[in-house]
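Below is one structure, written out as structure tokens; comments come after it.
2 protein chains.
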Amino acid sequence: MYEMHFAVPMAGAVLNTINTRLDAANVATILKHSEAKVFFVDCQCVRLARDALKHLIDDNAPLPLVVIIDDIDAPTGIRLGELEYEQLIAKGDPMCPPTPLYDEWDPIALNYTSGTTSAPKGVVYSHRGAFLSTLSLLLQWEVGSEPVYLWSLPMFHCNGWTFTWGMAARGGANVCIRATTARDMYRAIADHRVTHMCCAPIVFNILLEATPAERRPLAAPVRVLTGGAPPPAPLLEKIERLGFRVTHAYGLTEATGPALVCEWREEWNRRPVEEQARLKARQGISVLTLADVDVKDLQTMQSIPRDGKSLGEIVLRGSSIMKGYYKNRDATDAAFRDGWFLTGDVGVIHPDGYVEIKDRSKDVIISGGENISSVEVETILYRHPMVLEAAVVAMPHPHWGETPCAFLKLKKDCEQGSIEEEDIISYCRNSMSRFMVPKKVVFMEELPKTSTGKIQKFQLRQMARGLKATDRDRTPQGGAAPQGKPQVVYVNGNNGHGQPEAQEQVLAMSRL
Amino acid sequence: MYEMHFAVPMAGAVLNTINTRLDAANVATILKHSEAKVFFVDCQCVRLARDALKHLIDDNAPLPLVVIIDDIDAPTGIRLGELEYEQLIAKGDPMCPPTPLYDEWDPIALNYTSGTTSAPKGVVYSHRGAFLSTLSLLLQWEVGSEPVYLWSLPMFHCNGWTFTWGMAARGGANVCIRATTARDMYRAIADHRVTHMCCAPIVFNILLEATPAERRPLAAPVRVLTGGAPPPAPLLEKIERLGFRVTHAYGLTEATGPALVCEWREEWNRRPVEEQARLKARQGISVLTLADVDVKDLQTMQSIPRDGKSLGEIVLRGSSIMKGYYKNRDATDAAFRDGWFLTGDVGVIHPDGYVEIKDRSKDVIISGGENISSVEVETILYRHPMVLEAAVVAMPHPHWGETPCAFLKLKKDCEQGSIEEEDIISYCRNSMSRFMVPKKVVFMEELPKTSTGKIQKFQLRQMARGLKATDRDRTPQGGAAPQGKPQVVYVNGNNGHGQPEAQEQVLAMSRL
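These protein sequence lines are chains A and B, in that order. According to our numbering, the stretch in the first sequence is residues 2 to 513, in order. According to our numbering, the stretch in the second sequence is residues 2 to 513, in order.
Below you can see the structure in the form of structure tokens.
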């Protein structure tokens with residue numbers, strides 16, 4: 002995937018990295034919507050890819066050319082059709098000049114987000130936007146020359162927050178791991194003298210919960226850029242004590258990853274610890290290549306006062322904001338107003354110019370660093386033959402941060418007790434990506450509603466705060482449990498240790 | 002001048018900083034050519050400005066509006082017309098919105114270079130080019146958050162190599178000094194805990210030659226970006242021993258300052274010291290926002306092999322290259338070929354991609370960090386009533402690096418001995434900026450020429466290598482000797498100590 006970040010644009014094509022935690026139906030939807038021409042599949046994702054291709058066949062959709070990327074250090078021989086990546090590369094002409102780019106606004110990447118509505122939306126990045134984001138994130142995070150970067154953040158998340166390109170720009174080394182287990186991360190950090198890593202705050206838990214055998218001391222501080230949710234102060238304190246230096250950023254797929262960074266001011270080091278944590282939990286100031294960030298009253302499009310109290314919606318403007326949603330003019334139009342991108346997040350501006358989120362966009366649940374659209378989960382629940390009404394909200398979760406909690410009203414003719422919580426969870430497991438599955442289902446006689454009949458989600462959120470998850474799934478990475486032993490792959494050719502599992506069979510296209 | 006870097010673009014105008022080391026005739030030429038509307042004059046430059054305005058009056062050229070910038074800490078009361086900067090600012094509307102920029106290719110700055118021909122050329126920077134250069138220089142030099150920057154490089158040199166804007170982008174503090182004397186620089190570094198500074202290699206000499214009384218120990222390493230000429234290995238070694246960490250860059254006004262930086266690779270720390278100096282003296286690799294650097298055979302426009310031996314001309318391409326020379330289509334056309342900017346410098350590319358200059362553009366003499374056009378000096382010498390032929394070449398100089406050496410053939414009717422070397426030097430002092438004045442003049446019966454009559458400068462250069470300067474001028478900054486005691490001005494309001502000299506009289510416009 003790292004090589005593709007350069008090869009695909011150089012070939013004049015658009016890169017569409019796919020979240021490997023999605024289920025086959027979702028992957029098929031993306032392949033169809035993006036009209037993908039070539040489908041590169043890592044040898045550990047063959048089952049998911051095969052199932053997705055089956056969906057395409059069922060729908061009579063055109064099939065992309067499939068290229069399997071086998072493990073170069075421990076070849077599996079797995080194929081899905083004729084083509085294998087390294088063999089294909091070997092046939093190429095190394096002197097072939099890259100396709101020239103005539104318009105810097107041309108698309109470079111397409112990243113699907115479940116976002117806030119049920120249909121996945123394809124966020125289009127321009128070469129210009131990706132370039133500017135890359136530069137500004139290197140600057141804001143102060144990435145010096147020759148960093149050693151641990152890929153604890155998947156590259157399919159906004160092109161690795163642009164650090165795919167950024168590491169090349171700084172002459173960095175890329176340390177790739179198959180799974181974000183404590184053992185693999187500590188080993189990679191120690192073996193390769195990692196200097197930088199990005200991750201969701203949940204990775205802090207993984208690092209902190211490591212057993213003594215898994216843990217390795219840090220030879221030097223490791224700089225960590227984190228986003229998704231502000232890391233709670235006690236977590237920050239614990240992880241920094243281990244030698245990690247945390248920077249907090251805020252962004253979204255539509256902004257090419259981080260758009261605000263809570264840039265630390267030296268004078269804050271003299272403040273009390275609790276105040277420091279409060280300052281660090283703020284979303285921060287605009288990255289340098291974003292033209293502008295503001296918090297506005299959407300009714301009037303006026304800026305709210307910089308008093309740290311007045312609420313408004315966080316809006317962004319600049320070249321690193323997406324070009325739009327691919328083939329979705331309505332959603333694109335709805336996302337912008339007067340040239341500003343509307344984040345959907347509600348916040349304040351402090352007198353020092355730092356932005357702080359006060360209320361996240363209501364229908365997004367962030368679980369283990371992945372965005373889950375409550376609307377998407379509800380849509381699938383509504384398809385269940387016994388469900389009359391469904392509302393999904395975030396429920397606090399000690400491990401995942403948040404997890405979806407579903408409130409259901411059953412159809413009249415369904416007898417009470419004829420369906421159990423586990424039945425719904427099991428139905429969801431078969432119908433959606435595993436990380437989206439509600440970990441708690443509550444049946445209600447009536448869902449709380451406004452006088453106009455709108456479900457009052459804030460009441461459900463209050464209820465969810467007092468509930469506990471029923472489904473105790475703690476599989477790392479949701480549905481995409483590591484297939485095979487953890488493996489370290491180092492771009493300079495250092496060998497890993499793992500072997501893809503035998504259960505991944507050699508499958509020819511004809512068997513689909 | 003620092004404030005002007007923001008105020009002028011925000012007013013929708015173009016900033017034209019003028020080298021204060023130029024003489025009044027040169028300043029007048031620039032004011033005329035640029036069609037300057039407003040002329041901001043520091044209270045220490047009133048005499049130069051007044052003389053320049055006299056030239057404009059003599060030429061019946063339109064006069065710009067003059068605004069004197071008085072010293073805020075120690076007001077002099079000096080005026081040149083009605084307007085004083087701080088009083089003007091006080092009348093402004095602080096809520097006035099900046100003029101919107103509709104085209105990022107619009108000009109932001111105009112910088113005159115004596116360059117390689119006698120007429121000063123106005124190099125035009127776009128907003129886009131300045132923005133990109135600013136970001137890439139911050140990145141390449143690894144300027145972190147909240148730097149403390151010492152202005153040992155004048156802001157009129159390519160807008161301070163874009164660090165005027167760069168310091169704002171990183172939340173830096175600007176430490177401004179009136180003169181680059183050892184005492185002032187050491188004091189500023191110690192008092193303000195300077196982290197970064199830029200300078201010509203000559204400043205290393207000033208720092209090294211400081212008396213024990215002038216010297217102050219460095220509390221922490223100071224990062225120095227230097228350019229103009231590669232610093233010799235022994236000088237590098239000495240200055241680094243004092244705690245300065247030197248990065249070597251190569252650039253030119255037309256490239257918005259540094260275009261190549263000799264980015265250090267960690268593995269080079271394990272090489273022998275002499276090899277390290279050799280590696281560091283190379284001009285380096287392209288800054289990130291330059292699209293491309295290459296070394297080409299100008300006959301064929303083919304890239305030369307990357308063997309560290311084959312010679313070609315260094316050519317540059319990208320957004321941070323100037324838009325062109327203002328009102329000079331011919332010079333602009335001559336400066337570009339196939340979209341490449343021709344630097345005039347001859348170099349090689351090493352197998353690792355690092356560029357090294359082997360032969361500088363022949364007619365430029367770099368003296369104390371200032372470019373001197375040999376053609377410009379020759380043009381003035383030719384105007385002397387007794388000079389028949391003149392050729393000016395670089396002569397090595399222990400303090401200035403290089404200095405101009407003039408070879409003259411006198412007119413036939415001039416008796417041998419009727420004119421002395423000092424007469425020519427004295428004539429030059431009255432006719433050109435002081436830093437351009439030849440420090441050695443040689444009279445010859447015949448200048449060496451080719452069969453077609455072209456003066457063979459390489460022969461003169463060989464001769465010059467064996468000569469010694471006659472004029473022992475070691476005035477800091479060439480002609481612009483510090484007017485009054487050295488003064489430290491700190492942007493946050495810390496007071497300096499100096500007083501502009503009484504000799505700077507209050508002059509009304511009517512007295513011009």
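Think of the CB as a built atom: it goes at the ideal place given N, C-alpha and C, for glycine as much as any other residue.
Item: Interface residues of chain B facing Ser153 (chain A) [CB-CB closer than 9 Å]; Value: Under the 9 Å cutoff, chain B gives no residues; its nearest Cβ is about 23 Å from Ser153 (chain A).
Item: Bridge partner(s) assigned by DSSP for Ala110 (chain B); Value: B:Leu16, B:Tyr126
Item: Integer Cβ distance of Ala391 (chain A) from Leu411 (chain A), believed to fall under 8 Å; Value: The Cβ separation is near 10 Å, so there is no contact.
Item: Partner residues on chain B for Glu143 (chain A), Cβ-Cβ distance less than 9 Å; Value: Glu143, Val144, Gly145, Ser146
Item: Residue-level contact to chain B via CB, Leu136 (chain A), 8 Å cutoff; Value: yes
Item: Coarse secondary structure for Val356 (chain A), derived from DSSP in three states; Value: strand
Item: Residue nearest to Leu66 (chain B) in terms of C-alpha spacing, selected from B:Asp72, B:Leu32, B:Glu268, B:Met396; Value: B:Leu32
Item: The segment 277-294 of chain B / the segment 229-248 of chain B touching (three or more Cβ pairs under 8 Å); Value: yes
Item: Helix, strand or coil at Tyr103 (chain A) according to DSSP, with G and I counted as helix; Value: coil
Item: Among B:Cys406, B:Trp152, B:Met302, nearest to Leu312 (chain B) - alpha-carbon criterion; Value: B:Met302
Item: Same chain, Cβ closer than 8 Å to Glu398 (chain B), five either side skipped, listed in chain order; Value: For the sequence presented, residue 398 (chain B) should be read as His rather than Glu. Closer than 8 Å at the Cβ level, and outside the excluded window around His398 (chain B), lie Ser368, Thr404, Lys440, Ala470.
Item: Proximity test, Cβ basis, 8 Å: Ala14 (chain A) and chain B; Value: no
Item: Chain-ordered chain A contacts of Leu140 (chain B) [CB-CB under 7 Å]; Value: Leu136, Leu139, Leu140
Item: Unbroken beta strand (DSSP E) run spanning Thr163 (chain B), endpoints; Value: Neither: Thr163 (chain B) is in no beta strand (DSSP E) and is coded neither H nor E.
Item: is_contact[Arg224 (chain B), chain A] using C-beta, thresh 8 Å; Value: no
Item: Members of the segment 283-300 of chain B near chain A, C-beta cut-off 9 Å; Value: Leu289, Thr290
Item: Enclosing alpha helix (DSSP H) for Met5 (chain B) [first to last residue]; Value: 5-11
Item: C-alpha gap between Tyr3 (chain A) and Cys177 (chain A), whole angstroms; Value: 10 Å
Item: Same chain, Cβ closer than 8 Å to Lys450 (chain A), neighbours up to 5 away in sequence not counted; Value: Ile456, Gln457
Item: Contained alpha helix (DSSP H) runs [length at least 4] in the segment 303-352 of chain A, N- to C-terminal order; Value: 330-336
Item: Any chain B beta carbon closer than 8 Å to Arg266 (chain A); Value: yes
Item: Neighbour flag for Ala131 (chain B) against chain A, beta carbons, 8 Å; Value: no
Item: Cβ neighbour criterion (16 or more within 10 Å) applied to Lys413 (chain B); Value: exposed
Item: DSSP beta-bridge partners of Gly285 (chain B); Value: B:Val356
Item: Supposed contact pair Thr165 (chain B) and His6 (chain B) - C-beta distance, whole angstroms, cut 8 Å; Value: 4 Å
Item: Backbone secondary structure at Val68 (chain B) - three-state DSSP; Value: strand
Item: Distance between beta carbons of Ile79 (chain A) and Val47 (chain A), contact taken as under 8 Å; Value: 5 Å
Item: Under 8 Å by beta carbon: chain A residues contacting Ala174 (chain B); Value: Within chain A, no residue comes near Ala174 (chain B); the closest Cβ sits about 11 Å away, beyond 8 Å.
Item: Chain A contact for Phe444 (chain B) (CB, 8 Å cutoff); Value: no
Item: Counted within 10 angstroms of its Cβ, other Cβ atoms place Tyr428 (chain A) as buried (16 or more) or exposed; Value: buried
Item: Cβ-based neighbour list, Gly479 (chain A), same chain, cut-off 6 Å, excluding 5 preceding and 5 following; Value: Residue confidence for Gly479 (chain A) is low, a pLDDT of 37 falling below 50, so the modelled location carries little weight; the figure read from the coordinates is stated next. The residues are Arg22, Arg435, Phe436.
Item: Exposure of Thr114 (chain A), with buried meaning 16 or more beta-carbon neighbours within 10 Å; Value: buried
Item: Cβ separation of Ala183 (chain B) and Glu215 (chain B), assumed to be a contact under 8 Å, to the nearest whole Å; Value: 5 Å
Item: Partners in chain B for Ala170 (chain A), counting only beta-carbon separations shorter than 7 Å; Value: Leu289
Item: Validate contact between the segment 292-308 of chain B and the segment 350-365 of chain B using beta carbons, cut 8 Å, 3 pairs; Value: yes
Item: Arg283 (chain A) versus A:Lys297, A:Leu291, A:Val262, residue with shortest Cα-Cα distance; Value: A:Val262
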